[in-house]
Amino acid sequence: MADKQAANTKNSNAVHAVTSNQDDLYKHLDETVRKYIATRFLRPIADHTREAFEQAKQFVSSFPTITPKTETVPSSSNVISVPSNVIPASEPGSPLKVILDSGCGAGESTLHLAKRFPNVPVIGIDKSAMRLTKAGNIHQQEAAGTDQPSNAFWVRAELLDFWRLALEEVQAGRWNIVHHAVFYPNPWPKEGEAGRRFHLHPIFPTLLALSPVTELRTNWEIYAKEFAAAARIVCADASIACENFNPAVPETAFERKYKEARQQLWRVLIKK
1115 MADKQAANTK NSNAVHAVTS NQDDLYKHLD ETVRKYIATR FLRPIADHTR EAFEQAKQFV
1175 SSFPTITPKT ETVPSSSNVI SVPSNVIPAS EPGSPLKVIL DSGCGAGEST LHLAKRFPNV
1235 PVIGIDKSAM RLTKAGNIHQ QEAAGTDQPS NAFWVRAELL DFWRLALEEV QAGRWNIVHH
1295 AVFYPNPWPK EGEAGRRFHL HPIFPTLLAL SPVTELRTNW EIYAKEFAAA ARIVCADASI
1355 ACENFNPAVP ETAFERKYKE ARQQLWRVLI KK
């Protein structure tokens, strides 16, 4: 038993906390975010992302619009307080409801979201073909505690391009992205790399325009607080909560590792 405990401690210590030469919020955050509110990100969209987006559109459009009967899962004080299976399926003739799982990695988080929102198609998006080969496999199902649900779908795409295409669907009244999960993005912790963080990039206004509910999770406090501060500039009337949390059931491999390593996790929940 002692050897096992020592091994667990060693493995936990191997998951390093974020280190940075930045000890507070990025000093140019306000001016950077305000600059990007007034600009438009015009990088050409990658062909493979256009193809992936068409696949996602087909999956969403083929999803049933009749609300299936579901059992209500009792809530717990330890479970993240966001809408779950109370969200009904899309009604005929209305914008199609969608949930996005951006940067889904091997897809475990997509399975959790699909289980939590059984009436709505959930699109897991990642740029890594290697990670997506694991999406929905038996190991991911076991980790998520569910068989592969029919409302889970994965695509390989560039996030920034996919978001711009998705916003076109939202603005045209064809999609209603009811929840957008952005779990454990690369924090780019060096101050000189700050412009690569989602909230300090020209794409940020697009990201927030996609859905009335955006949920970020990270293991770096500064990233969470910056994300929330940037969101308050873009969405002045939104309800924005930034808090540390301890998930009862980890929903990604990163989240599990960070929890086992006893790292503090952070969540930002934006409701417009």
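Numbers 1115 to 1386, taken from the numbering used here, label the letters of the sequence shown in order. Glycine included, each C-beta is placed from N, C-alpha and C at the ideal position.
Check                                                                                                                    : Outcome
Limits of the beta strand (DSSP E) - the one that Ala1266 falls within                                                   : 1266 to 1270
Beta-carbon proximity check, Thr1224 vs Gly1238, cutoff 8 Å                                                              : yes
Beta-carbon spacing of Lys1385, Pro1326 below 8 Å                                                                        : yes
Status (buried if at least 16 other CB within 10 Å, exposed otherwise) for Leu1156                                       : exposed
Buried or exposed (CB count within 10 angstroms, at least 16 for buried), Val1174                                        : buried
Residues of its chain near Lys1371, where Cβ-Cβ distance is below 6 Å and the 5 sequence neighbours each way are ignored : Val1129
Paired residues, beta bridge with Leu1214 - DSSP                                                                         : Ile1237, His1294
Reference Gln1377, options His1162, Leu1383, Arg1331, Glu1340, closest by Cα                                             : Arg1331
Residues of its chain near Ala1131, where Cβ-Cβ distance is below 6 Å and the 5 sequence neighbours each way are ignored : Gln1377
DSSP beta-bridge partners of Ser1353                                                                                     : Lys1385
Arg1148 - DSSP class collapsed to helix/strand/coil                                                                      : helix
Separation of Gln1169 from Pro1232, as counted between CA atoms                                                          : 20 Å
Own chain partners of Phe1167 with C-beta closer than 7 Å, once the 5 adjacent residues on each side are dropped         : Ala1271, Phe1276, Leu1279
Segment contact, 8 Å Cβ cut-off, at least three pairs: the region 1342 to 1349 with the region 1310 to 1329              : yes
Where Pro1206 falls, given that 16 or more other Cβ within 10 Å makes a residue buried                                   : exposed
Alpha-carbon to alpha-carbon, Leu1281 and Asp1144                                                                        : 24 Å
CB-CB length for Tyr1150 against Pro1319, believed under 8 Å                                                             : 6 Å
Residue burial classification, Glu1222 (beta-carbon count within 10 angstroms, cutoff 16)                                : buried
Alpha helix (DSSP H) segments (min. 4 residues) lying fully within the region 1313 to 1354                               : 1318 to 1323, 1335 to 1348
Under the three-state DSSP convention, the category Phe1359 falls into                                                   : strand
One or two residues paired with Leu1379 in a DSSP bridge                                                                 : Phe1359
Straight-line Cα distance separating Ala1152 from Gly1259                                                                : 44 Å
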